[in-house]
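Note that our numbering has the sequence shown beginning at 1, numbered continuously upward. Every residue gets a Cβ at the ideal spot worked out from N, C-alpha and C, and that includes glycine. Input: a single structure, listed below in structure tokens.
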Amino acid sequence: MKYPFTLPDNVYPINKPSRTPYGRHLGVYYFGFSKSTSYMGLAWSDKLLASRTSKALHGGVITALMDEAFGGASIAQIGKVTSMATIDLRIDYARPAIAGEDLFCIAECYRQTKRVCFVKGQVFQNDPDKPIAFGTGTFMIGAYTRPKDKSGAQHAWA
């Protein structure tokens, strides 16, 4: 799978399948990252349809692509690979996906606090000016790391 447009100069190209098991199962692909933005895609497959008789893409596929791209933008923003957990994810569907065409997502982390990243983005097919869906999300940084007490010791119960 190839990104159909020229990536901006500040984007580090990746060109690898997803690093998460679910992302790999769906076919999510990483194209590149900048300081706070991720560029990802998903090759069209009939296994992503809502039903055997419909040519409509299952909405959960768009949600999964956005969730992974938003997490990727969060990791790009903080500058190191760490666990991320989705706190909130909101998606507005603007139009149906065209059967047979690949999907792409651009996500940007626009604010970061000590423990939370705030992200926005969109999914599109052949034209980024005609999005299929828009979304926003919040992600917890280091969600699966054990908390430390004031002495610096990690708790076994966490």
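Of ARG115, TYR110 and ASP127, the smallest CA-CA separation from GLY121 is found for TYR110. Membership of ILE132 in any beta strand (DSSP E) is not indicated, and neither H nor E is assigned to it by DSSP.
A direct Cα-to-Cα measurement between GLY27 and VAL61 gives close to 10 Å. PHE118 and PHE139 have their C-alpha atoms roughly 7 Å apart. Between the alpha carbons of LYS130 and CYS105 lies a gap of roughly 12 Å. By the CB criterion at 8 Å, TRP44 and GLY100 fall inside the cutoff. Along the length of the stretch 10-50, whole alpha helix (DSSP H) runs at least 4 residues long occupy 21-26, reported in chain order. Of TYR30, THR37, THR63 and ARG52, the smallest CA-CA separation from ASN10 is found for THR37. As the crow flies, the alpha-carbon of SER18 is around 22 Å from that of ALA50.
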